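Trainee: Have a look at this one before I ask anything.
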Amino acid sequence: MATTADIPRLEMLQVADMVAREKGIEREEVLEAMEQAIQKAGRAKYGLEHDIRAEIDRKSGEIKLLRYMQ
């Protein structure tokens, strides 16, 4: 099974562009769905009690998984 670390950053953005074109939706919607999926995986791994958020840089494709603490 491939992980996000296995996918080159710009390829991630190309996939988002391709899906957006094929489905006729905005690229931003696809990227937000990708962020939500990565965020869900992060919460599954690190626990639901943590405020974990995923961000995909719209220019570089860099993925950040962040844990917010109060």
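Note that the sequence shown covers residues 539 to 608 in the numbering used here.
Glycine included, C-beta positions come from ideal geometry on N, C-alpha and C.
Note that the structure is a prediction, hence the values are computed from the model and not measured.
Could you name the residues that DSSP lists as bridge partners for Leu569?
Mentor: Answer is none; Leu569 lacks a bridge partner.
Trainee: Quick one: Cα of Ile594 to Cα of Gln608, how far?
Mentor: 23 Å
Trainee: Taking the C-alpha atoms as reference points, what is the distance between Arg591 and Leu604?
Mentor: 5 Å
Trainee: Mind checking Met556: buried by the 16 CB within 10 Å criterion, or exposed?
Mentor: The residue in question, Met556, is exposed, as its Cβ has fewer than 16 Cβ neighbours within 10 Å.
Trainee: Please list the terminal residues of the continuous alpha helix (DSSP H) segment that includes Lys609.
Mentor: What the structure shows of the chain is the stretch from 539 to 608, and residue 609 is not part of that stretch, so it cannot be assessed.
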